[in-house]
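In the numbering used here, the protein residues as written are 638 to 891.
Dropping the structure here:
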C-alpha cells in the first residue's frame, strides 16, 4: 500500500508546483471544462430519461408483477447511471488529453523546468495522443458494459463495477500520463514498460487517485492539469539521475 499512497501523493506534489504557475493551472483547466460541459449535458439528458430508457431495455418485464418489474428496472437504471459515470470519466480523460495536448505539453515541460532542467525531445504529437485518448475511451466503454451487466446483481453489482472501473481505467490513465515526459526522452513503449514495471503500483496509485477525483463535481476539470504535473513528478522519481534540486528541496519539506 505504501507504493500506491506514494503514487497518489504525487497529485499533492504536482499541485504545489503548479501553484507557482497559476496561469498554467488555469490554461490546463480550459480544455477540461469544455469537455466537461459537453459530457454533463449528455449525462443530464440520460438522467431525465432514465425511466423510459430502462423500460425500453426491459420489454420482457412488462407483464411482470409491479414489484418485480420496478426492482429490475431500478437496478438496471442504477447500473446505467454508474456505468455512464465510469464511461464519463474515461471518455472525459481521453477527449481532454486529445483536445488539450498542446496545453498539457506546456504544463509538463514547465514542470520539468521547475524540478530541474533536462534535455528533452519532442512529445507524443497530436495523432499519438489522439490514439491514446481512444484507448482510454475504449476501456471506459468496456467497463460501462461490465457495469451494465452487473446491474442485474442487486446492490453488489454496481459496487463491483465501480471498483473494477476505477482499477482498469486508473491503471491505463497512470501509464498514459507518465508516458508523455518519458516519450520526450526518446523512450518507446517497450522501454517505458521496462522502466515502470518496478514502479507499477505507484503509477496505478496516481491513476486511480486521479480517476477518483472525477466523481466529484468539477473534480476532473480541477485535477487534469495537476495530474499532468504529478505524472511528470513521478517520471522524475523513477529517473533518479534527473530528480533535480526541486526534488531534493521537496524531500526536505516532508
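Glycine included, every Cβ here is placed at the ideal spot set by N, Cα and C.
In this text, all values refer to a predicted model and were calculated from it rather than measured experimentally.
Assigned exposure category for residue i - 16 Cβ within 10 Å defines buried
i: residue 644; result: buried
i: residue 685; result: exposed
i: residue 883; result: Annotation note: pLDDT 48 at residue 883 (below 50); position unreliable, coordinate value reported separately. Label assigned to residue 883: buried.
i: residue 693; result: exposed
i: residue 696; result: exposed
i: residue 719; result: buried
i: residue 649; result: exposed
i: residue 709; result: buried
Option in the options with minimal Cα separation from residue i
i: residue 862; options: 662, 638, 642 and 647; result: 662
i: residue 750; options: 658, 703 and 835; result: 658
i: residue 687; options: 700, 667 and 721; result: 721
i: residue 716; options: 690, 837 and 702; result: 690
Sequence-distant residues of its chain with Cβ nearer than 6 Å to residue i (five each side left out)
i: residue 748; result: 654, 866 and 869
i: residue 833; result: 840
i: residue 699; result: none
i: residue 737; result: 668
Short Cβ contact (7 Å threshold) for residue i with residue j
i: residue 803; j: residue 845; result: yes
i: residue 814; j: residue 864; result: yes
i: residue 873; j: residue 799; result: no
i: residue 647; j: residue 876; result: no
i: residue 730; j: residue 810; result: yes
i: residue 745; j: residue 818; result: yes
i: residue 740; j: residue 664; result: yes
i: residue 962; j: residue 822; result: Outside the displayed range of the chain (638 to 891) lies residue 962, so it cannot be described from this structure.
i: residue 725; j: residue 676; result: yes
i: residue 858; j: residue 638; result: no
Other residues of its chain near residue i: CB distance less than 7 Å, five sequence neighbours each side excluded
i: residue 733; result: 668, 669, 672 and 861
i: residue 808; result: 841 and 844
8 Å Cβ shell around residue i - same chain, five flanking residues per side excluded
i: residue 743; result: 661 and 664
i: residue 651; result: 748, 863, 864, 865, 866, 867, 868, 869 and 870
Kindly provide the ranges of any alpha helix (DSSP H) runs that are 4 or more residues long and lie completely inside the stretch 689–761, ordered along the chain. Taken in chain order, the complete alpha helix (DSSP H) segments of 4 or more residues contained in the stretch 689–761 are 703–736 and 738–752.
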